[in-house]
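Q: Can you keep this structure in mind? I'll have questions shortly.
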Amino acid sequence: MNATASATASQIGIFKIIMTFNSVIFLIFFPLVTFLYFTIPHKYRWFLLLSASIFFYMSFVPKYIFILALTILIDYIAGIYLEKSIGQRKKWFLILSLLANGGILFFFKYFGFFDHNLDKLAALLHWRNPIPDLKILLPIGLSFHTFQSMSYTIEVYRGRQKAEKNLGIFALYVMFYPQLVAGPIERPQNLLHQFYEKHEFNLQRMGSGLRLMIWGFFKKIFIADRLAVFANQVFNNVYDYHGISLLIAVIFFAFQIYCDFSGYSDIAIGAAEVMGFKLMKNFNRPYISQSISEFWKRWHISLSTWFKDYVYIPLGGSRVGLYHLSFNLLITFLISGLWHGAKWTFVFWGLLNGIYLIVGNFTDTWFKKINFAGLKKFPALNNVWQISSTFTLTCFAWIFFRANTFNDAFYVIKNIFIGWKNFPDQLTNHYFIHENIFIGQYPGSFALATIAIMSLLISEHYRDKIASNHLLLKPWIRNLIYIALVFLIFCFGEFKDQQFIYFQF
Amino acid sequence: MTKKIVLILCFLSVAMAVFLLIGAKSKKIGYKFLTHDKGGDISYGDLYALSGLTDFKFPIPIVNYTSATTLDEADVITLGDSFFQAKFETKSMPDLLADNLKLKVFDPHEILGNPLVYLTEHNYQKGKPKIVIVETVERYAIKRMISYNEKINTTKKSGIRQKINDSAYEIFDQTNVNYFFKYNIFLNPIWLWLNNLEFKTLGITNHNISRYSTNPPMLFYSEEVDFDTNQHLYDHPEVYIQNIKNLKDTLKKKYNLDMIYVIIPNKYTIYNYLDKNGSYNNFLPKIQTELSKNNIDYTDLYSLYSQYAKTANAKLLYYPNETHFTAAAKELLVNELSKKIQEYRITKGYIDK
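What follows is the structure, given as structure tokens:
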């Protein structure tokens, strides 16, 4: 046990409070930047956004701007040479660019993981690992902007995107602040040209963007951060809990990660929309999916399409035999798991999702033929069955995503079914309810958490009906709803400087 | 009409953003717009400041006195944290100790982590033997024990590098922004109203206060209640005791200072029985066992305070709306330390028996 664990963060100058969407400084930053954006002449706007994005990035660890600058410079030059070159030379430029990006990603994100596993292997083989423990702090948003930058060079290589000659615009493409730290991972064909377009101030578009931001903040601060209190308490102390507590923690985490991440995406998309930029949709009600395959078309769409276009399809995609396809899926999801974090539990989570899809492919024909429990006669019931079974499989995989170690994950799986026999009797025991259902929190907090989940489910399920409802289309009613959301955010939101989960990626 | 309202709202949000930015970054201007405690003779407590809950707004008088003893002339040196700086109702702990012992007691009036850093930076020279009281509050004990073993960096950054670091900190640090946002005269009333509404309707406090009692009123700081999240550290205190032992040996060898270690219990440690679901993980008894095993002198405040708190007509040892201790707690500590210091002065040969 190392008793000299030093504060790495303080050694390299990280601040106590960083700028995230749910920080106070963002409430100052966003209106000022937006105001200046529409005030200054169009030809200087890219410079304003770039400066704002640099400031946004530097509020985490200022000196890391040099790493980002390096990746931008490498890919800017690579893009220009890729466009000019042909044949083998062209391939080499792409490889160099991908290696540079991959190398930076490996060093900052995976070096510690690699070194730690080398330590274990060395201990097994009774030799000393010569590589020192460097205690590297992961630059914010590294996985996201690296992938966005890589998609640029790949698209230029494929001839689907012209190389960007303006270094400033290219830098802005890589580090555009709304989507810099947690996506959506944009494609150059969608985003680059927008920096050249003049965006006029548009009240309707501003209103739409702000409403999306409010909904994103609601999901993050009111829902995700409140659920996090419960999920973190259990997952950080798993051995103190069993049965109902573990079940609550798993379900709460499923909604926490969804609201956290989709909330961030909504804020990012909304903030960009206010200024006239269109970013891609990143989530499409994933928990109403009726299969794992559908889930991955609705969850983190920008990342799953990135992996599909740049890993799965180059490996052969689905244009190959079933076994080869299965192999492609496995590789793609293993890499996806690893992308999410430098831990074996993330890799296993990816593997599990890959296995789900493979099993789904192998059993698809069989399932289509059988009428499970006669449910096909009742489409609504059948939908409920498919949605709930998909949700269950997803939650099972989330256990590995959230658990601190494999032992913790296996403990959760083993003990989630324990203690149910006496559950009805225990419901009269105040201490049991406080410790195991409210997870040591106040009843009001638990009530808010469940109301939060219900409100999310209702609004997402009836989203289309709400959107087309004549009454709710009346501006004053819609505005009242959003004012109520703002009130709920500030009154009952959890402001604990809870970072966005996907920040760590 | 809607367009006008939206434009007004946009203008207001930009104006508010400019106001917050200037107020946070310019202390001269910002100070004029703050509602929070600006010093003076009364405090309403740090936990009230963090929570804004009016049910726990009690005034605490502050004594404005600072001793002028220097490091070199002191007989006793105290190096601690805010508990040793607190001047609620009575003078600070070191000044009370000085009055009780009728000795010169020096305290740097700074919150210290590793005492060796202070002594190195101030170029303290080894001289006649003195007693040094090293104090930490329980919730930061582990963090500080780790820091005792860290390398002390005495090389100062070059002028330009330091200037760049300071400028970067000035620009990017947001502590002042958060503070000004909460405590400015325009938004503070709203923040207070929202906090109290949440408390009165759902009994929920904000994240800084994870437990509370209404009868008697008592707020408990989250860091005290949740400080055992890394259970492994607290299950194996012996790993960190070596650092304290090294500190003790270094203080004696390098500076001729005899150390007495003081860990002040968290308020929750003593008063967790007020929380109907409260419990304590016995961190202090575990640490104290290890301190005894390693012949490190300490004051057993955990037993002293716990026993006193349960006596009939006992005075409160901690304020309901403060993380820090009361005059009654300071008095107990002063008496205990005085006994120990007198013992030391005789047994270690500072004075004749």
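Note that the protein sequences, when read in sequence, are chains Y and V.
Per the working numbering, residue 4 is the first one in the first sequence, and the count goes up by one each step.
Per the working numbering, residue -8 is the first one in the second sequence, and the count goes up by one each step.
By construction, the Cβ of each residue, glycine as well, lies at the ideal position given by its N, Cα and C atoms.
For chain Y, is any of its Cβ atoms less than 9 angstroms away from the one on Y209 (chain V)?
A: The residue you asked about is not Tyr; residue 209 (chain V) is Met in the sequence shown. With 9 angstroms as the cut-off, M209 (chain V) does not count as an interface residue toward chain Y.
Q: I need the DSSP call for D226 (chain V), collapsed to helix, strand or coil.
A: In the displayed model, D226 (chain V) falls within a helix according to three-state DSSP.
Q: Between the alpha carbons of A166 (chain Y) and A174 (chain Y), how many angstroms are there, rounded?
A: 13 angstroms
Q: Have a look at Y:V277, Y:M457 and Y:G447 and flag the residue whose alpha-carbon is nearest the alpha-carbon of L188 (chain V).
A: Y:G447
Q: Can you tell me which of the three DSSP states N252 (chain V) falls into?
A: First, the amino acid is wrong: residue 252 (chain V) is Tyr here, not Asn. Correct three-state label for Y252 (chain V): strand.
Q: Run the CB neighbour count on E189 (chain Y), radius 10 Å, all protein chains shown included, and call it buried at 16 or more, exposed below.
A: buried
Q: Within 8 angstroms, do at least three Cβ pairs link the stretch 196 to 211 of chain V to the stretch 242 to 250 of chain V?
A: no
Q: Is the beta carbon of F179 (chain Y) closer than 9 angstroms to that of F280 (chain Y)?
A: yes
Q: Give me the chain Y residues within the contact set of N263 (chain V), using Cβ-Cβ distance strictly less than 8 angstroms, ordered along the chain.
A: Simply none; closest approach about 13 angstroms.
Q: Note down the Cα distance separating I390 (chain Y) from S294 (chain Y), rounded to an integer number of angstroms.
A: One Cα belongs to I390 (chain Y), the other to S294 (chain Y), and the distance between them is close to 7 angstroms.
Q: What are the boundary residues of the beta strand (DSSP E) that P208 (chain V) is part of?
A: P208 to Y212
Q: According to DSSP, is I200 (chain V) part of a helix, a strand, or is it coil?
A: strand
Q: Between which two residues does the beta strand (DSSP E) harbouring K300 (chain Y) extend?
A: Per DSSP, K300 (chain Y) belongs to no beta strand (DSSP E); it is in the alpha helix (DSSP H), I295 to R301.
Q: Output the distance between the C-alpha atoms of F441 (chain Y) and D411 (chain Y), rounded to the nearest integer angstrom.
A: 21 angstroms
Q: Taking 9 angstroms as the threshold (beta carbon to beta carbon), is A159 (chain V) in contact with chain Y?
A: Yes, contact with chain Y.
Q: Against chain V, which members of the stretch 203 to 229 of chain Y pass a CB distance test of less than 8 angstroms?
A: L206, M209 and G210
Q: Counting along the chain, where does the beta strand (DSSP E) carrying I122 (chain V) start and finish?
A: K121 to V128
Q: Between G340 (chain V) and chain Y, is the shortest Cβ-Cβ distance under 9 angstroms, so that the two count as touching?
A: G340 (chain V) has a beta carbon lying at 9 angstroms or more from every beta carbon in chain Y.
Q: Strictly by DSSP, which residues pair up with V96 (chain V)?
A: V:V67
Q: With 16 other CB atoms within 10 Å as the buried threshold, where does F194 (chain V) fall?
A: In the sequence as presented, Phe is not what sits at residue 194 (chain V); that position holds Gly. Classification of G194 (chain V): exposed, given that the 10 Å Cβ count is below 16.
Q: I need the straight-line Cα distance from S62 (chain Y) to A159 (chain V), nearest angstrom please.
A: 9 angstroms
Q: Starting from K25 (chain V), follow its DSSP beta bridges and name the residues at the other end.
A: It is Leu, not Lys, that sits at residue 25 (chain V) in the sequence shown. V:N175.
Q: Output yes if chain V places a C-beta closer than 9 angstroms to the C-beta of M457 (chain Y); else output no.
A: no
Q: Using the Cα positions of Y434 (chain Y) and L242 (chain V), report the straight-line distance between them to the nearest angstrom.
A: 49 angstroms
Q: Just tell me which of Y:Y359, Y:F33, Y:N364 and Y:S154 has its CA closest to the CA of S392 (chain Y).
A: Looking at the Cα atoms, Y:Y359 is the closest of the given residues.
Q: For P85 (chain V), does the count of other Cβ atoms within 10 angstroms reach 16, so buried, or fall short, so exposed?
A: Classification of P85 (chain V): buried, given that the 10 Å Cβ count is 16 or more.
Q: Against chain Y, does K344 (chain V) count as a neighbour if the rule is that its beta carbon must be under 9 angstroms from one of theirs?
A: With a pLDDT of 49 at K344 (chain V), under the threshold of 50, the predicted position of this residue should be treated as unreliable, and no value is reported.
Q: In angstroms, rounded to a whole number, what distance separates the CA positions of F47 (chain V) and F413 (chain Y)?
A: 44 angstroms
Q: Are the stretch 142 to 149 of chain Y and the stretch 59 to 79 of chain Y touching by the rule of at least three beta carbon pairs closer than 8 angstroms?
A: Here the stretch 142 to 149 of chain Y lies against the stretch 59 to 79 of chain Y, with 3 or more beta-carbon pairs under 8 angstroms apart.
Q: At which residues does the alpha helix (DSSP H) containing I461 (chain Y) begin and terminate?
A: P446 to H464
Q: Using only the alpha-carbon positions, how far apart do S294 (chain V) and L275 (chain V) sit?
A: 9 angstroms
Q: Identify the residues that DSSP records as bridge partners of S62 (chain Y): which are they?
A: DSSP output for S62 (chain Y) lists no bridge partner at all.
Q: Report the partner residues of I366 (chain V) according to the DSSP bridge assignment.
A: Because residue 366 (chain V) is not part of the residues shown, which for chain V are -8 to 344, the question remains open.
Q: On the three-state DSSP scale, how would you describe T57 (chain V)?
A: coil
Q: Using only alpha-carbon positions, find the residue among Y:F109, Y:K93 and Y:F24 that is nearest to G344 (chain Y).
A: Y:F109
Q: Judging by CA-CA distance, which residue of Y:Y47, Y:E463 and Y:I436 is the nearest neighbour of A450 (chain Y)?
A: Y:I436
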